[in-house]
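Trainee:
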Amino acid sequence: MRRPGSVLALVIATLLVLVPFWWMVSIAFKPESEVFSAEPRLLPRNPVLDNFSTALDAGNLGTAMTNSLIVALLVVVANCVFALLAGYAFAKLPYRGSNAIFMTIVATTMVPVAVTLIPLFLIAKGIPLAGGNDITGQGGSGLLDSLGGLTLPHLIGPLNVFLARQYFLGLPDELGEAARVDGASEFRLFWKIYLPLARPLVATVAVFAFTAVWDDFLWPLVVTSSPETQTVQLALSKFLTGGNVAYGPAMAGSVLVLLPILAVFVFNQRSFVAGLSEGGVKG
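If you count the sequence shown from 1, position 157 lands on 157 in the UniProt record's numbering, and the numbers rise without skipping.
(1) Among W214, V11, E32, which residue has its Cα nearest to the Cα of Y247?
(2) Does the distance from the CB of P153 to the CB of L122 come in under 8 Å?
(3) Skipping 5 residues on each side, what residues in its chain have a beta carbon closer than 6 Å to that of A212?
(4) Compute the beta-carbon to beta-carbon distance between G131 and G140, rounded to the nearest angstrom, for a pair I have assumed lies under 8 Å.
(5) With DSSP as the reference, label S68 as helix, strand or coil.
(6) Would Y167 and A198 qualify as a contact pair, given that the criterion is a beta-carbon distance under 8 Å?
(7) Whose C-beta lies closer than 8 Å to the C-beta of L234 among residues of the same chain, with five residues either side of it excluded?
(8) Candidates F239, V266, D173, V264: which alpha carbon is nearest A28's?
(9) Leaving out five residues before and five after I193 in sequence, what residues of the same chain have Cβ atoms less than 7 Å from its Cβ?
(10) Along the chain, where does the alpha helix (DSSP H) containing A263 start, and where does it finish?
(11) Tell me whether G176 sits in a helix, a strand or coil according to DSSP, three-state version.
(12) Could you have a look at D57 and say whether DSSP puts it in helix, strand or coil?
(13) Would F210 pass as a contact of V81 if the rule is Cβ separation under 8 Å?
(14) Apart from the five residues just before and just after residue 334, which ones in its own chain have a Cβ nearer than 7 Å to its Cβ?
(15) At the level of alpha carbons, what is the spacing between L56 and G62?
(16) Do P227 and N60 have their beta-carbon atoms positioned less than 8 Å apart in this structure?
(17) With 16 as the cutoff for other CB atoms within 10 Å, does K282 come out buried or exposed?
(18) Could you check where the alpha helix (DSSP H) with K125 kicks off and where it finishes?
(19) Buried or exposed for F208, going by 16 or more other Cβ atoms inside 10 Å?
(20) Where L42 and V25 are concerned, what is the direct C-alpha to C-alpha distance, given to the nearest angstrom?
(21) Verify whether the separation of the beta carbon atoms of V106 and F162 is less than 8 Å.
(22) Taking 8 Å as the threshold (C-beta atoms), are A164 and A86 in contact?
(23) Which of the three DSSP states, helix, strand or coil, is assigned to A184?
(24) Is residue 289 helix, strand or coil when you go by DSSP?
(25) Could you give the distance in angstroms between the alpha-carbon of L171 and the alpha-carbon of D145?
(26) How should E34 be labelled, buried or exposed, when 16 other C-beta atoms within 10 angstroms of its C-beta is the threshold for buried?
(27) Between K125, L74, M251, which lies nearest to W23 when the distance is taken from Cα to Cα?
(28) Once you ignore the five residues that flank A78 on each side, which residues in its own chain have a CB closer than 7 Å to its CB?
Dropping the structure here:
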């Protein structure tokens, strides 16, 4: 039985989290004159939808959301394939030096993002046969200002590799031994035996990969230069620059940008929590 003090603390913590979101939604439906009213209200007195149309049109948010969605889906697929395969290899196919390589991959999560910006920029610019480049990666712009360039840093997340390895370590080796005796390949073992048991892991990796792309601001700011390749975070920043901040459209755009994240988490909530709890206990 929960103590009244614990329940009260949980209620207060929940309110501290939910009130800012409620205020954001409230401002999204308020006209600009009501945003700075002398009598602030949690509910708009005269709800309007103009802020949403302004966010989609003036802020180019529709194109930005499409770009972010395309990049996010590509990154989710790449991580669900390559990160899971890497985690399976580290867990079930150990070899000399595999632990050192794995620890090196995990250590990269401690490197600040700002440190990697210049190397990533040069890599994206020097991709051969992309953006007018020749076979040596010279003469053009490579993957700069393109959706391909936006996906580059997120294709394989070190944290996802870590979670995959820890999860597969928790699955018994005996599951695949009989299939190996029958001559099954390692990829078939992974695809037919271990992957069906790893649905919570897939959900966790998908959520992490999706949010990493959807919330990224710094890399799109560096690698893109045209409105056609903008992402949602860059589109939202338009409303916060200059002397006159449009709070109504900014909050409306934030509500629209938040919806895909909520949908991804709600539909994967149970598997996501299970994947986190099961993926972090094995060493």
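All C-beta atoms in this analysis are idealised placements derived from N, C-alpha and C, irrespective of residue type, glycine included. Treat the numbers as computed from the prediction; the structure is a model and nothing was measured.
Mentor: Answer, in terms of the structure:
(1) Nearest to Y247 by C-alpha distance, out of W214, V11, E32, is E32.
(2) Cβ atoms of P153 and L122: not closer than 8 Å.
(3) Around A212: H154.
(4) With 8 Å as the limit, G131 and G140 qualify as a contact, their Cβ atoms being about 4 Å apart.
(5) It is helical.
(6) Yes, Cβ-Cβ distance for Y167 and A198 is below 8 Å.
(7) For L234, where only same-chain residues beyond five positions count, the Cβ hits under 8 Å are A64, F217, P220, L221, T224.
(8) Considering only alpha carbons, the answer is F239.
(9) Within its own chain, the residues whose Cβ lies closer than 7 Å to the Cβ of I193, once the five positions on either side in sequence are excluded, are L175, G176, A179, listed in chain order.
(10) In the DSSP assignment, A263 falls within the alpha helix (DSSP H) that extends over 247-267.
(11) DSSP places G176 in helix when its eight states are reduced to three.
(12) D57: helix per DSSP, three-state reduction.
(13) No.
(14) Any question about residue 334 goes unanswered here, given that the chain covers just 1 to 283.
(15) Whole-angstrom Cα-Cα distance: 5 Å.
(16) Taking 8 Å as the Cβ cut-off, N60 and P227 qualify as a contacting pair.
(17) The predicted model places K282 with a pLDDT of 48, which falls under 50 and marks its position as unreliable, so this point remains unresolved.
(18) In the DSSP assignment, K125 falls within the unbroken alpha helix (DSSP H) covering 113-125.
(19) Residue environment: F208 is assigned as buried (16 or more neighbouring CB atoms within 10 Å of its CB, all protein chains considered).
(20) The alpha-carbon atoms of L42 and V25 are separated by roughly 9 Å.
(21) Less than 8 Å separates the beta-carbon of V106 from that of F162.
(22) Yes.
(23) In the displayed model, A184 falls within coil according to three-state DSSP, outside both helix and strand.
(24) No statement about residue 289 is possible, as the shown extent of the chain runs from 1 to 283 and does not include it.
(25) As the crow flies, the alpha-carbon of L171 is around 42 Å from that of D145.
(26) Looking at its Cβ environment, which holds 16 or more other Cβ atoms inside 10 Å, E34 is buried.
(27) Of the listed residues, the one whose Cα sits closest to W23 is M251.
(28) Within the same chain, A78 has close Cβ partners L155, I156.
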